[in-house]
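Just below is one structure, and these are the notes that go with it.
Residue numbers (full-length UniProt numbering), protein chains in the order written: chain A, 1 to 244; chain B, 1 to 244; chain C, 1 to 244; chain D, 1 to 244; chain E, 1 to 244; chain F, 1 to 244.
So, in structure tokens, the structure goes:
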């Protein structure tokens with residue numbers, strides 16, 4: 001079976017991570033999974049939210065949003081509607097949880113890092129591209145804090161990457177593009193730490209419920225994809241950042 | 001190992017489903033998982049949202065919310081804040097997806113069923129109690145449509161139930177109460193169809209990432225719990241409804 | 001003349017007050033006037049709003065809201081609309097004023113009690129049932145503060161109850177059910193202290209303006225009803241609370 | 001006992017009604033009760049709200065708001081806060097109800113009249129001045145519709161006026177100014193039709209509950225005040241309007 | 001060429017500035033440019049916004065809004081819509097900038113003056129009338145601060161006035177009325193200091209782009225108009241204020 | 001005098017216009033004025049807003065927004081605040097007006113083009129870069145409509161470009177970078193049609209008011225800058241678009 005873009009079922013799209021795409025942000029990258037392009041900015045802010053003050057711990061949070069014409073047809077801006085939609089909320093929360101799972105709050109000290117993931121173009125997998133790129137921007141932001149002597153230890157316990165998997169026309173597939181995702185029977189997003197353990201597994205039956213065997217095949221595919229993304233992240237972080 | 005309330009690790013809390021708790025709603029129940037109490041109302045509305053008109057299909061959607069003093073300390077009302085929080089959005093969407101997975105839209109005809117899940121008291125598992133009760137209220141609402149001759153077939157393809165599982169102090173457990181949930185390392189919500197297949201699997205590492213074995217143990221526990229809930233649902237639907 | 005449910009014109013519906021219906025709230029009850037059911041929770045919060053600080057006085061406030069399917073047909077949630085409607089605002093303010101009229105702020109000390117009245121089912125008289133139940137929940141919340149030694153005296157100066165009266169098809173009636181209320185020419189809500197004095201009188205001509213004699217008859221009916229409610233409240237507070 | 005501004009207890013402040021203060025509005029006036037100044041505009045709009053269409057009946061509604069510096073110290077604008085406060089809602093609703101009580105919807109035909117009451121300066125009694133002025137603006141707007149031949153009969157069944165009364169330092173008084181109102185024990189707003197019947201009675205115990213005798217004295221005072229206001233309205237409507 | 005109201009092309013409408021129209025505000029006026037009427041209130045508030053604290057400097061800001069029936073047909077209230085429109089925002093910001101250009105913040109001390117410009121009736125030029133009247137109210141508010149001994153010097157460096165100019169049917173004109181403004185090809189608002197220098201120039205091609213010569217003619221007209229307004233302002237400030 | 005980045009006073013920063021940066025949008029570019037980077041997307045939508053229907057004319061509108069970390073320090077998202085700020089509103093309106101000045105609505109037919117300008121990085125001149133890039137994206141969107149045969153003529157009457165000018169430390173300068181803009185005494189944005197006529201002139205005295213000579217020097221500089229931008233636009237549109 002050949003996929004719409006000629007990939008094998010267990011093959012990632014072309015992944016590009018352009019580090020330090022922004023000049024002002026303490027960490028940033030433009031992450032691309034095929035035509036999906038997300039601009040990630042990591043902002044270091046002194047101090048922590050009020051409810052965390054005085055505990056000597058840091059905080060990492062995230063906000064995700066799509067530009068109105070990221071999609072095939074234009075969507076209205078949430079800022080104009082005056083409220084954030086459920087999908088935006090849900091993905092923002094997912095990204096924040098994924099990153100916090102690899103952070104040692106005490107080592108971070110009372111610093112906050114805000115990760116903004118803005119989807120410039122969407123072709124499926126925007127949340128997984130966001131998490132994958134966010135790790136790179138986060139690592140650079142932490143490096144910035146280290147250079148300033150603002151850390152109390154090593155806050156990054158591990159790396160984190162994420163990928164989507166799903167069953168399309170009966171075939172389990174890795175890294176779904178939009179047209180695949182929109183016809184998938186089962187859709188799963190997997191967030192995996194650098195050591196191969198799970199941080200988040202979110203599987204949804206879009207059509208018919210799925211059985212245990214399907215779940216296992218999808219998990220295998222997802223672990224394979226995240227292992228490859230881990231290498232891409234390491235390569236990006238190893239390069240001297242060229243900026244845009 | 002004994003749990004805080006004396007249960008075995010694989011034991012549900014006492015589950016009560018009081019059908020037709022409301023007089024006006026086409027379907028309703030008060031569902032209780034221990035101290036967690038959710039009032040579920042299923043409302044039948046003629047017609048479907050504008051974007052679905054003329055396709056001969058129905059629609060099922062859900063809204064979840066907590067009363068301000070459902071929790072140990074009072075929370076402000078989202079209506080006063082002027083916006084819905086991310087958690088409320090996320091759970092509302094989850095309940096809707098869970099129910100739609102067992103619905104045949106064509107058999108439902110151009111009818112909408114709105115499921116309101118309002119948490120009167122929260123002690124962990126409010127989303128899983130909501131889904132479990134929502135199936136019962138949905139079944140009664142569909143019965144109401146059938147009695148009116150408004151259906152085109154049998155819209156309910158299967159039943160649906162949901163339960164939480166997690167790892168607390170190293171022990172995998174079924175149906176976490178609030179104090180267990182708030183200290184769990186891994187937290188998972190599982191939505192299962194009557195035939196035992198998965199509708200949704202959402203596992204999150206709250207502390208350290210979890211491995212594949214842990215995932216499998218949690219899935220086993222969740223399937224056991226949902227099978228028991230399926231029987232409770234059937235028993236509730238078999239009784240002549242006594243109302244409050 | 002017989003009323004729709006067989007009552008005499010000056011007869012209350014069956015009134016039930018189930019104390020301590022909630023496990024977490026410092027005071028609570030499920031109050032029922034016939035099919036109207038309101039869940040009342042009294043929450044004790046340390047301190048007072050910023051504008052009252054340092055005066056040594058307490059504060060009592062209230063929020064009222066209806067569940068979407070409390071009514072015969074479903075209403076949209078105010079939290080989703082992003083704003084509170086005029087009716088919700090008005091009733092919330094009325095309940096707060098009614099309770100504050102029997103409170104000695106100095107004796108309460110710098111404590112705040114928030115009374116949440118959530119209408120689970122509506123059949124007329126939701127604001128009067130709310131006030132009547134709120135007194136019971138408030139008394140328990142104050143008892144909680146007393147047990148903690150947090151009071152400076154006796155903050156409850158008297159009890160408070162409320163009832164609706166109106167002219168339906170030319171007949172003055174007590175405690176209108178929804179179908180009566182919606183066809184009433186004159187509609188009045190009366191809030192009365194335990195000593196029989198008025199705390200609030202709100203009469204509205206829905207159809208034709210009403211004369212002084214009618215006003216007096218309605219006031220008589222309302223005073224009779226509130227006297228009976230006062231006994232119900234006392235009985236509820238006298239019982240050892242059984243919880244739900 | 002002399003009042004702060006030298007009035008007798010049963011004396012109105014100086015009342016001025018300047019008709020047709022605005023050039024564009026179909027009806028308008030600047031109504032003044034002492035230093036309280038409200039600009040009232042009555043706007044005629046063709047048709048009725050969607051939920052009333054096709055019934056051959058008209059609609060009258062009202063919106064009340066205060067300019068930010070109407071008061072002694074500046075208040076923030078509700079438009080900037082993004083929401084209407086409870087007091088604004090409540091008074092808007094009261095004005096609308098008061099006017100609708102004297103309107104024959106069928107005679108009005110399918111026309112809507114919107115009454116805007118904007119408080120330019122506040123010194124107590126803004127809601128009663130609004131209602132009193134609104135009747136004058138409404139009468140002119142109806143005259144405008146009559147001149148166009150857009151009426152089906154005489155929509156104005158009677159006039160309507162409103163006044164505040166209260167007990168200040170133990171003395172029942174008519175038409176409270178701000179400093180009187182803010183120290184009143186009992187505060188009542190009375191809306192009266194031209195024939196002397198009540199349209200709305202809203203009495204509130206601000207300090208201690210009030211008894212039946214006090215209620216009766218206040219009602220007498222209010223009826224006296226409304227009778228005088230009725231004459232002022234008639235005089236204003238009798239004059240050839242001079243505009244500003 | 002004769003204008004709609006008989007004016008010459010370079011002639012202002014009748015300008016009236018009624019000082020101290022309000023009793024509570026520290027400075028106020030009703031400013032009229034023909035039928036355009038704006039009520040301006042200057043409110044003195046102790047202290048400055050948080051971001052300016054401790055610098056020993058003051059702040060001047062402004063909010064502009066239109067009453068719903070200021071216009072030929074009624075517009076909905078922004079407070080009901082829950083958001084401020086772009087035009088309201090833009091004009092509020094313009095007025096604030098215009099006033100701040102003639103203020104010496106240090107001499108003002110840590111005081112804030114808020115200028116509210118509420119359009120009671122609109123017939124073109126509401127923003128220029130607002131700025132012109134705002135200067136008068138501001139001068140009185142500063143006088144109030146001076147009388148209290150709250151200033152550190154003379155905060156008013158110069159006066160400020162504003163006028164609209166435009167090209168209507170090929171003719172450059174001063175002070176456009178609404179019907180002129182709505183058909184103008186080019187529309188310009190000019191804010192000028194007492195010394196004749198520009199504070200703001202905002203020219204917009206509504207129809208076809210305009211050339212440098214047209215721009216110069218319009219600037220000449222505007223400077224002429226502002227010089228005349230400066231005299232009107234001085235006259236108003238010279239009079240003993242009569243209030244309304 | 002040398003500028004911070006070594007430019008001459010009348011020299012533009014490096015301008016880059018990367019056409020068709022997006023795959024889905026009908027027209028798009030990434031426009032850069034030095035470090036300022038704006039992603040512009042032109043979306044073609046069938047039909048026009050309701051208030052324009054049936055007139056046979058088209059519509060062009062624009063929305064501008066900044067990503068939260070476009071700036072030196074992170075700003076909160078307007079979507080989270082639930083409202084658009086004044087600056088965002090003002091710039092969105094300016095861009096729309098600028099483009100509409102060169103559009104023949106009748107030739108456009110009943111089509112709407114929405115121009116989204118999202119600032120990915122801000123270093124001064126974001127509104128002028130937006131307008132300059134928007135013309136290129138608009139031209140491509142119109143080309144798309146032409147290719148579909150959806151036009152009634154040639155809707156583009158001319159090109160449009162924009163640039164900022166200002167007086168910094170006494171020196172008039174072209175195309176201010178952020179550090180220059182934030183210390184400028186006078187700040188002006190000029191929008192110029194391809195034929196050299198003005199579409200919009202917005203000059204503001206940030207410090208002291210400016211005289212007529214300064215105004216003229218700034219206009220000269222702005223016209224020079226816009227003429228150069230016109231060439232850049234033409235060059236971009238002449239190239240076969242390479243996409244990103």
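Note that CB positions come from ideal geometry on N, CA and C, so glycine has one too. Please read these numbers as outputs of a predicted model, since none were measured by experiment.
Per DSSP, the continuous beta strand (DSSP E) segment holding residue 45 of chain C begins and ends at 36 to 46. Annotated three-state conformation of residue 193 of chain D is strand, per DSSP.
Residue 216 of chain B and residue 210 of chain B have their alpha carbons spaced roughly 11 Å apart. Along the UniProt domain "Exoribonuclease phosphorolytic" (11 to 141) of chain D, the beta strand (DSSP E) occurs as fully enclosed runs of 3 or more residues at 15 to 19, 27 to 33, 36 to 46, 59 to 66 and 111 to 121, listed in sequence order. Put simply, the CB of residue 190 of chain B is far from chain C, with every gap to its CB atoms at 7 Å or more.
Between residue 124 of chain E and residue 181 of chain E, the beta carbon gap of about 5 Å places them in contact (Cβ cut-off 8 Å).
The segment 91 to 103 of chain E and the segment 41 to 49 of chain D do not touch, with fewer than 3 CB-CB distances between them shorter than 8 Å.
Spatial neighbours of residue 236 of chain C in its own chain (CB-CB distance under 6 Å, excluding positions within 5 residues in sequence) are listed in chain order as 17, 19 and 136. At a beta-carbon threshold of 7 Å, the residues of chain B lying near residue 193 of chain A are 209, ordered along the chain. Membership of residue 237 of chain B in the alpha helix (DSSP H) is indicated by the continuous run 212 to 238. DSSP places residue 204 of chain D in the uninterrupted beta strand (DSSP E) bounded by 198 to 205. Within the segment 124 to 156 of chain A, no residue places its CB atom closer than 7 Å to a CB of chain B. Within chain E, 209, 210 and 211 have C-beta atoms less than 7 Å from the C-beta of residue 197 of chain F, given in sequence order. Here residue 115 of chain F has 42, 62 and 134 as same chain residues with Cβ atoms under 6 Å from its own Cβ, once five neighbours each way along the sequence are excluded. In the DSSP assignment, residue 208 of chain C forms no beta bridge with any residue. Taking C-beta atoms as the reference points, residue 79 of chain D and residue 79 of chain E count as a pair closer than 7 Å. Residue 145 of chain C sits in a helix when the DSSP states are folded into three classes.
Close CB contacts of residue 108 of chain E within its chain, under the 6 Å cut and outside five residues either way in sequence, are with 58 and 155 (chain order).
When the Cα atoms are used, residue 197 of chain B and residue 208 of chain A turn out to be separated by approximately 9 Å.
Judged by their CB atoms, residue 100 of chain A and residue 60 of chain A are nearer to each other than the 7 Å cut-off.
The alpha carbon of residue 47 of chain C has as its nearest neighbour, out of C:171, C:98, C:151 and C:143, the alpha carbon of C:151.
For residue 82 of chain C, the chain B residues whose Cβ falls inside 8 Å of its Cβ are 82 and 83, in order along the chain. DSSP places residue 181 of chain F in the helix class (H, G or I) of the three-state scheme. Rounded to the nearest whole angstrom, the C-alpha separation of residue 167 of chain C and residue 187 of chain C is 7 Å. Below the 7 Å Cβ cutoff, chain B contributes no neighbours of residue 62 of chain A, its closest Cβ being approximately 11 Å away. DSSP places residue 155 of chain C in the coil class of the three-state scheme, outside both helix and strand. Straight-line measurement puts the Cα of residue 131 of chain C at about 25 Å from the Cα of residue 218 of chain D.
Bounds of any beta strand (DSSP E) do not take in residue 150 of chain C, whose DSSP letter is neither H nor E. Per the coordinates, the alpha-carbon of residue 146 of chain E lies some 36 Å from the alpha-carbon of residue 21 of chain D. Here residue 170 of chain C is actually not in contact with residue 82 of chain A; their C-beta atoms are around 48 Å apart, not less than 8 Å. The Cβ of residue 22 of chain E sits closer than 7 Å to at least one Cβ of chain D.
A distance below 6 Å between beta-carbons, with the five flanking residues on each side excluded, links residue 119 of chain D to the following residues of its chain, in chain order: 38, 66, 70 and 126. Look at residue 7 of chain A: its C-beta is not under 7 Å from any C-beta on chain B.
Taking 7 Å as the CB threshold, residue 177 of chain F stays off the interface with chain A.
For residue 215 of chain C, the neighbours in chain D by C-beta distance under 9 Å run, in chain order, 198, 201 and 219.
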